[in-house]
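Asker: The opening residue of the sequence shown carries number 3 in the working numbering; numbering runs sequentially from there.
We put the CB at the ideal spot given by N, CA and C, even for glycine.
Small disclaimer: the values here were computed from a predicted structure and weren't measured.
Structure in structure tokens, see below.
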Amino acid sequence: MQITDVVADLGANGFLFVESGQATALLSSIAATPIGDDQVFLDSWNRLEEDQYMADGGKYRKRRHATYAIRNASERAQLMPYQPHYQTVDYNPLNGGVARYFAPILDDLHQSMTLAALLEFGNQVFSQLSGNHQWHIELHQFRIEARDGRLGKPTPEGVHRDGVDFVIVVMVKRVNIDSGATTIFDTDNRQIGEFLLRQPFDMALVNDRRCYHGVTPITQIDAAAEAFRDVLVITFKAPDAN
3 MQITDVVADL GANGFLFVES GQATALLSSI AATPIGDDQV FLDSWNRLEE DQYMADGGKY
63 RKRRHATYAI RNASERAQLM PYQPHYQTVD YNPLNGGVAR YFAPILDDLH QSMTLAALLE
123 FGNQVFSQLS GNHQWHIELH QFRIEARDGR LGKPTPEGVH RDGVDFVIVV MVKRVNIDSG
183 ATTIFDTDNR QIGEFLLRQP FDMALVNDRR CYHGVTPITQ IDAAAEAFRD VLVITFKAPD
243 AN
């Protein structure tokens, strides 16, 4: 699979599942070095902080957040000064309508060649697909936990759009859980896709203007062991996107 294949498939369908082997090959080509065993990248999910903005009172979500920008076709993604995450209630009826000041992503992740490759991958794909070369980019590290017989909800707001142009969801780790399937719906609320991000670097790409997406709740397999789902969500929004 080449970048041109990703662009064509995403353009045709509005969403795309890229399995781990294909994803790491694409990222390794961009980074000019093997990607897939970057422990700095993978281990950073062990240092997330509890989401304090859960309107459902849930304690099952940990996260960190950062903002990047790309200003022209010759520029790579640049880290921006910290800013809060904001969604309107139209896009997030559960937690929207307030500025959410999440814990910032730590410096060692910003230095990761894996993250740099992911950002450039998104830039290449989405710029070729849209013709746009300026992006507001937000990164969200998530850990969703299932414990004490309670479900973990990766998308507690339900099937939704994020109010951006494109979304990348990268699987980092699944531990001791069932379910957590990604579901895709068109704008007429017809389900058009379902798949499971199972292996590290399995990846979902979504055109947020054309599709709704969600993830089914996760359940704990062994009640005596920790259970969680770690992902990285990267959103790309053109400056004039609504």
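Nearest by alpha-carbon distance to Leu121: which of Phe187, Trp47, Gln80 and Pro156 is it?
Answerer: When only C-alpha atoms are compared, the closest one is Gln80.
Asker: How many Å lie between Ser132 and Ala226 at the Cα?
Answerer: So the two alpha carbons sit approximately 48 angstroms from each other.
Asker: Considering only C-alpha positions, which residue in the set Val171, Gln143 and Gly13 is nearest to Ala25?
Answerer: Cα-wise, what sits closest to Ala25 is Val171.
Asker: Would you mind sorting Leu234 into buried or exposed? The rule is 16 or more other CB atoms within 10 Å of its CB.
Answerer: By the neighbour-count rule (16 or more Cβ atoms within 10 Å), Leu234 is buried.
Asker: State the start and end residues of the unbroken beta strand (DSSP E) segment that holds Met173.
Answerer: Note, Met173: beta strand (DSSP E), Phe168 to Val177.
Asker: Using the Cα positions of Leu29 and Leu117, report the straight-line distance between them to the nearest angstrom.
Answerer: When rounded, the distance between both Cα atoms is 9 angstroms.
Asker: Could you give the DSSP three-state label for Ala243: helix, strand or coil?
Answerer: Note on Ala243: pLDDT 49, under 50, position unreliable in the model; no value is reported.
Asker: Is it buried or exposed, Glu51, if we count other Cβ atoms within 10 angstroms and call 16 or more buried?
Answerer: Glu51 should be labelled exposed.
Asker: Which of the three DSSP states, helix, strand or coil, is assigned to Ser181?
Answerer: Reduced to three states, the DSSP call for Ser181 is strand.
Asker: So, do the stretch 188-197 and the stretch 138-157 have three or more beta carbon pairs nearer to each other than 8 angstroms?
Answerer: No, the stretch 188-197 does not touch the stretch 138-157.
Asker: Using only the alpha-carbon positions, how far apart do His215 and Ala34 sit?
Answerer: Roughly 32 angstroms separates the two Cα atoms.
Asker: Identify the continuous alpha helix (DSSP H) that holds Gly23 and give its terminal residues.
Answerer: Its alpha helix (DSSP H) spans residues Ser22 to Ala33.
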